[in-house]
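Protein chains in written order, with this note's numbering: chain D, 1 to 114; chain W, 1001 to 1115. Virtual Cβ for every residue (Gly too), placed ideally from N, Cα, C. All values reported here derive from a predicted model rather than from experimental measurement.
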Amino acid sequence: DQQVKQNSPSLSVQEGRISILNCDYTNSMFDYFLWYKKYPAEGPTFLISISSIKDKNEDGRFTVFLNKSAKHLSLHIVPSQPGDSAVYFCAAAAPRAAGNKLTFGGGTRVLVKP
Amino acid sequence: DSGVTQTPKHLITATGQRVTLRCSPRSGDLSVYWYQQSLDQGLQFLIQYYNGEERAKGNILERFSAQQFPDLHSELNLSSLELGDSALYFCASSVASGTYQETQYFGPGTRLLVL
């Protein structure tokens, strides 16, 4: 039972263009969402998060959008840079319901071409 | 650098053996989480400790156990190892118990290979 899904396993984008990563969830108890970036042989690095009381959060080149009615969130990276090439994981939490465990999507591998 | 440290970085052992993975959380963080990343399962939550007490449990096998010590470092013990236990094991930490929205910061992981 995959409660968090990233349906695109990979994404290729030209340097300078926008990268859009999508994530869907099924559990309505989730109220906190995070995006992590992961390079090979390293741990996930926190990028940006959003609370369910918001529909958008921005941090530099990264913007996360949340559509609660559709149970969908997306991460926009603009402009994309070669150093953004990594695997991106969407994660969700329901802190008040179940501690603070994160439920992860399967990841999207992003390749930014120079 | 997230501030979370894990040792060892790599571990190679044989089936049936027992290993201990160690994690030190970021300074000031009271919660420690363990996750397993295997090829076919993605990142899966194993267990959470908060200030020495077990706080939440995921699909952790009975052969696996964990604890958090008074200095807040944590150890994950894996016993009677099987080939399928080969995976990356990540530790994460956060400030408090998780009753409000907070971010988890991950360590670099321990790569376990069971032969």
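Straight-line spacing of the CA atoms in D/Lys-56 and D/Leu-73 works out to 9 Å. Closest in C-alpha terms to W/Phe-1064, from the list W/Gln-1017, W/Pro-1070 and W/Ser-1027, comes W/Gln-1017. Secondary structure of W/Leu-1081 (DSSP, three-state): coil. Considering only D/Pro-44, D/Ile-53 and D/Val-4, the residue with the shortest C-alpha distance to W/Thr-1103 is D/Pro-44.
Near chain W, meaning a CB-to-CB distance below 9 Å, the residues of the segment 15–43 of chain D are Asp-31, Tyr-32, Leu-34, Tyr-36, Lys-38, Ala-41, Glu-42 and Gly-43. With 16 or more neighbouring CB atoms inside 10 Å of its own CB, D/Lys-101 falls in the buried class. Per the coordinates, the alpha-carbon of D/Met-29 lies some 12 Å from the alpha-carbon of D/Thr-103.
D/Thr-108 counts as buried, since no fewer than 16 other beta carbons sit within 10 angstroms of its beta carbon.
Flagged as an interface residue toward chain D: W/Leu-1043, by a C-beta distance shorter than 8 Å. At a cut-off of 8 Å between beta-carbon atoms, D/Leu-102 makes contact with chain W. Within chain D, the C-beta atoms nearer than 7 Å to that of W/Glu-1102 come from Asn-100, in chain order. If you draw a straight line from the Cα of D/Ile-53 to the Cα of D/Lys-71, it is about 13 Å long. Taken through DSSP and simplified to helix, strand or coil, D/Gly-106 comes out as coil. For D/Lys-113, the pairing in a beta bridge is given by DSSP as D/Gln-14. Comparing C-alpha distances from W/Ile-1047 to each of W/Ser-1027, W/Leu-1039, W/Leu-1076 and W/Phe-1069 shows the shortest one belongs to W/Leu-1076. Interface criterion not met: the Cβ of W/Ala-1066 is under 8 Å from no Cβ in chain D.
According to DSSP, D/Ser-74 shares a beta bridge with D/Asn-22 and D/Phe-65. In the DSSP assignment, W/Gln-1067 falls within the beta strand (DSSP E) that extends over 1064–1068. Secondary structure note for W/Thr-1013: its beta strand (DSSP E) is the uninterrupted segment 1010–1013. Not one beta carbon of chain D lies nearer than 8 Å to the beta carbon of W/Gln-1036. For the pair D/Val-13 and D/Val-110, the CB atoms are nearer than the 8 Å cut-off.
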